[in-house]
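Some notes on the structure that comes next.
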Amino acid sequence: MNVILVNGSPHAKGCTYTALEEVAETLNKEGIETQIFQVGTKPLAGCIACKKCAETGRCAFSDVVNKFVDLAVHADGFIFGSPVHYAAASGAMTSFMDRVFYSNMMSGRNAFYLKPAAAVLSARRAGTTAAFDQLNKYFTISEMPVVSSKYWNMVHGMEPQDVKKDLEGLQIMRTLARNMAWLLKCKEAGRNAGVALPVKEEVVRTNFIRE
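Each step along the sequence shown adds one to the number in the working numbering, with nothing skipped, and position 37 is 88.
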């Protein structure tokens, strides 16, 4: 089993990475393989709703988004990490998430269906819960079990060494990892026992506006 941890910070080894590293180390101890995926610093366009992904199975922009979705198809779980910018996920992370989840949905690749996910946020002080809510919405619209910890998944600090001093935050990361590992093992046990996937209904889309 393997989990991809996405670092949505422009800093490859900053505060967000430090939190994700704590999660990854604990997952490894639980027998789960991990990979930290860096969104990077190159310009990342937002989704333009061109719907080319529905035709080709891939986002029209050939960049880190398609690279990630190719990996996501083979992953068992996900942790999406972001710094907090103005009480929200970073701009690059928001563009990344919009395009990843939209292209996956429109292409029908099902890279995320029933795969556990969690969000991790890093901030100097505030805005973490708003950003936490923002990222969790991607999971719940994609039928992904959301993994929780003993508190909201956040760490605090200006520098990585500050995060290392946030002992409660680090414990939250370790608890999150153990909960993720437990859920993945339960899912595997259920699959081995022949537990069937939920019955899926035909999609119904209802607009709010009526004639």
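C-beta: ideal position from N, C-alpha, C; glycine also.
field: Start-to-end residues for the alpha helix (DSSP H) that takes in residue 241
entry: Note, residue 241: alpha helix (DSSP H), 218-243.
query: According to the Cβ coordinates, are residue 132 and residue 56 closer than 8 Å?
result: Yes, these two residues count as a Cβ contact at 8 Å.
- request: Leaving out five residues on either side along the sequence, give the residues of the same chain with a beta carbon under 8 Å from the beta carbon of residue 64.
  value: So the list reads 211, once near-sequence residues are dropped.
field: Simplified DSSP state of residue 172, which is helix, strand or coil
entry: In the structure shown, residue 172 sits in a strand (DSSP, three-state: E or B).
message: Measuring alpha carbon to alpha carbon, tell me which residue in 125, 75, 166 is nearest residue 236.
response: Residue 236 has its Cα closest to that of 166, out of 125, 75, 166.
- prompt: Exposed or buried, what is residue 58 when buried is set at 16 or more other beta-carbons lying within 10 Å of its beta-carbon?
  reply: Around the beta carbon of residue 58, a 10 Å sphere encloses 16 or more other beta carbons of the protein chains shown; the residue is thus reported as buried.
- request: Would you kindly check if the distance between the Cβ of residue 150 and the Cβ of residue 108 is under 8 Å?
  value: Taking C-beta atoms as the reference points, residue 108 and residue 150 fail to come closer than 8 Å.
message: Between which two residues does the alpha helix (DSSP H) holding residue 54 run?
response: No alpha helix (DSSP H) holds residue 54; the beta strand (DSSP E) holding it covers 53-58.
- prompt: If you compare alpha carbons, which of 163, 213, 207 is closest to residue 197?
  reply: Minimum Cα distance to residue 197 is reached at 163.
message: Would residue 201 and residue 226 be called neighbours here (beta carbons separated by less than 8 Å)?
response: Residue 201 places its beta carbon less than 8 Å from that of residue 226.
query: What separation, rounded to the nearest whole angstrom, lies between the Cα atoms of residue 146 and residue 194?
result: Taking the straight line joining both Cα atoms gives about 20 Å.
message: Considering only heavy atoms of the ligand MG, does any lie closer than 7 Å to the CB of residue 85?
response: Ligands displayed in this structure: none; no statement on the ligand MG is therefore possible.
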